[in-house]
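Everything on this sheet refers to the single structure shown next.
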Amino acid sequence: MVFMKTETSRREALALAGIAGLAALLAPRMSFADAAMVDAEIKKLYGDKKFDSGKIKLDVPEIAENGLVVPITVDVESPMTDADYVKAVHVFADGNPLPGIVSYKFTPACGKASASTRMRLAQTQNIICIAEMSDGKLYSTKSSVKVTIGGCGG
1 MVFMKTETSR REALALAGIA GLAALLAPRM SFADAAMVDA EIKKLYGDKK FDSGKIKLDV
61 PEIAENGLVV PITVDVESPM TDADYVKAVH VFADGNPLPG IVSYKFTPAC GKASASTRMR
121 LAQTQNIICI AEMSDGKLYS TKSSVKVTIG GCGG
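Listed below in structure tokens is the structure:
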């Protein structure tokens, strides 16, 4: 016959309480990204390079009634030839737990620099999209999405 230990020692209880307390202390600091975290992620990728506007069409709803399934479509204007194409597109959100939402890699064989997905947004926030071209130029655009709760504001 096998018996399982169901009692918790005082040391185990104190250790669990300490871990729970530490998690409660750190959770608010780790909860959401902000504009500074997004800027730090972008700086990690591209340093101090300048961003131009234009070429990117970022299609996100202005108001999302359900933050769990927010559609996003990114189209980048490019001939997609061997000499001139979109290398990568990165999407960031400044109010989610992690700033990076999605990254796409493209080649001339793609024919078109376009992608769609659905993302989860924790709260009303800005969506930042960056396109990296084959010649090293960078383009950026930003759009704000208001996340409502049950369509009642938020």
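Quick note on numbering: full-length UniProt numbering labels position 55 of the sequence shown as 55, and the sequence is numbered without any gaps.
Cβ coordinates follow ideal geometry from the N, Cα and C atoms, glycine included.
For clarity, every value in this text was computed on a predicted model and none was experimentally measured.
Exercise. How close, in whole Å, do the beta carbons of I56 and V74 come, if the pair is a contact with beta carbons under 8 Å?
Worked result: 7 Å
Exercise. The beta strand (DSSP E) with D75 in it runs from where to where?
Worked result: Where D75 is concerned, the enclosing beta strand (DSSP E) stretches over V70 to V76.
For this session: Could you check if A20 is buried or exposed, using at least 16 other CB atoms within 10 Å of its CB as the buried criterion?
Result: exposed
Exercise. Do you know offhand how far K50's Cα is from R11's?
Worked result: 56 Å
Exercise. For P61, which residues from the same chain have a beta carbon less than 8 Å from its beta carbon, with the 5 sequence-adjacent residues on both sides left out?
Worked result: Exclusion of the five residues before and after P61 leaves V70, P71 and V145 as the residues of its chain whose Cβ lies within less than 8 Å of its Cβ.
Problem set entry | beta strand (DSSP E) segments (min. 3 residues) lying fully within the segment 40-100 | Here the runs fully enclosed are 56-59, 70-76 and 86-93.
Problem set entry | K142: first and last residue of the uninterrupted beta strand (DSSP E) it sits in | L138 to V147
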